[in-house]
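Here's the structure, in structure tokens; my notes come after.
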Amino acid sequence: MTSNKKLPLIIAISGTHGVGKTTLAHALAIKLDIKQRIGLGVVLKTMQILESGNEEIQKWDDYSGCKTEQDFVKKIHAQCRIMGSIISKIVDKAIKTGEPYIIDGIQLLPQYLPMSKIKLVALFLNDKDEHKKRYTKPNVTKTRHAVKNNFETVKDIEKEILKNIRKYKIPLFESSIGPNLLADLIIKKLKFHRVE
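This is the structure we're talking about:
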């Protein structure tokens, strides 16, 4: 039996640390009148409190144990699988209640997400200096999220994210134009509509 119920608008924003996912999520939420917004950084911190004995969760941002590029990629994909499972539960809840959501997070790869139920977009910054400035600025990315990675690791994470985003032909946006203009561009290009 299939349901004819219209799916709520659920937008997920992927990209590495410091590219502007959270800022874009706020801009989209205002422009589309979406009240429910989830940053996966908060989900991770909650998991770390609830699963204090789980070493994989506790060392989420620690890539020092990755001896090869294959180890590094394997860890990123394992994290994406975990977050994909969590997002699937959030999406199922949103569909039951009819609530639109905006979700932003680093560990978002399309192959682990319920793509038939969400709209996924990805962000990147062409300007490496601007990206590094955003990443290291106090109270913005590194300090606010207590990220342990150095900037080279952040760029390696981005490389794997972008490789998969391009492989699955997910809309990719350069975020340097500013959150409001970027939100307008995404809304227009992807034909999102304000929640009624």
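Here the sequence shown is numbered in the numbering used here, starting from -4 and rising by one per residue.
Idealized CB from N, CA, C, for every residue including glycine.
1) Given Leu4, which residues of its chain have a CB within under 6 angstroms of its CB, disregarding the five upstream and five downstream residues?
2) Looking at the secondary structure, which residues open and close the beta strand (DSSP E) in which Phe168 lies?
3) Please name the residue in Lys184, Ile152, Asn175 whose C-alpha comes closest to that of Leu167.
4) Going by the beta-carbon positions, is the gap between Ser170 and Leu177 smaller than 8 angstroms?
5) Tell me, please, which residues DSSP counts as bridged to Gln31.
6) So what's Ser47 in DSSP terms, helix, strand or just coil?
7) Assess contact between the stretch 65 to 73 and the stretch 32 to 40, defined as three or more Cβ pairs (one per stretch) separated by less than 8 angstroms. Is contact present?
8) How far does the beta strand (DSSP E) with Ile156 in it extend, from its first residue to its last?
9) Classify Met110: buried if its beta carbon has 16 or more other beta carbons within 10 angstroms, exposed otherwise.
10) Would you report the Cα separation of Leu2 and Ile85, rounded to the nearest angstrom?
11) With DSSP collapsed to three states, give me the class of Phe67.
12) Starting from Leu115, follow the alpha helix (DSSP H) in both directions and report where the run begins and ends.
13) On a CA-only basis, which of Ile6, Ala7, Gly15, Ser9 is nearest Asp122? Give me that one, please.
14) May I ask you to verify whether the stretch 40 to 52 touches the stretch 101 to 121, counting CB pairs closer than 8 angstroms and requiring at least 3?
15) Starting from Ile182, trace the beta strand (DSSP E) both ways and give me its first and last residue.
16) Are the CB atoms of Ile182 and Thr11 within a distance shorter than 8 angstroms?
17) Among Asp124, Gly173, Lys162, Thr92, which has the Cα closest to the Cα of Val149?
Considering the structure as presented:
1) Numbered from 1 along the sequence shown, position 9 holds the residue referred to as residue 4. The residues are Pro95.
2) As a position in the sequence shown, residue 168 is number 173, starting the count at 1. Its beta strand (DSSP E) spans residues 167 to 169.
3) Locating residue 167 in the sequence shown gives position 172, where the first residue counts as 1. For the residues Lys184, Ile152, Asn175, the minimum Cα distance to Leu167 belongs to Lys184.
4) Your numbering for residue 170 matches position 175 in the sequence shown. Your numbering for residue 177 matches position 182 in the sequence shown. Going by C-beta atoms, Ser170 is nearer than 8 angstroms to Leu177.
5) On the sequence shown, position 36 is the one that residue 31 refers to. Beta-bridge pairing links Gln31 to Tyr96.
6) Counting from 1 along the sequence shown, the entry for residue 47 is found at position 52. Correct three-state label for Ser47: coil.
7) no
8) Along the sequence shown, read from residue 1 onward, the residue named residue 156 stands at position 161. Looking at the DSSP string, Ile156 is not in any beta strand (DSSP E); the run it does join, the alpha helix (DSSP H), is 146 to 162.
9) As a position in the sequence shown, residue 110 is number 115, starting the count at 1. Per the 10 Å Cβ criterion, exposed.
10) Here residue 2 refers to the residue found at position 7 of the sequence shown. Here residue 85 refers to the residue found at position 90 of the sequence shown. Near 13 angstroms, if we compare the C-alpha coordinates of Ile85 and Leu2.
11) Within the sequence shown, residue 67 is the residue found at index 72, counting from 1. Of the three classes helix, strand and coil, the one that applies to Phe67 here is helix, per DSSP.
12) The count along the sequence shown starts at 1 and reaches residue 115 at position 120. Counting along the chain, Leu115 falls outside any alpha helix (DSSP H), though it belongs to the beta strand (DSSP E) covering 114 to 119.
13) On the sequence shown, position 127 is the one that residue 122 refers to. It is Gly15 whose Cα lies nearest to the Cα of Asp122.
14) no
15) Here residue 182 is taken as the residue at index 187 of the sequence shown, counted from 1. Where Ile182 is concerned, there is no enclosing beta strand (DSSP E), although the alpha helix (DSSP H) it sits in stretches over 174 to 185.
16) Within the sequence shown, residue 11 is the residue found at index 16, counting from 1. Within the sequence shown, residue 182 is the residue found at index 187, counting from 1. No, the pair does not count as a contact, with Cβ atoms beyond the cut-off.
17) Here the question's residue 149 lines up with position 154 in the sequence shown. With distances taken between Cα atoms, Val149 lies closest to Asp124.
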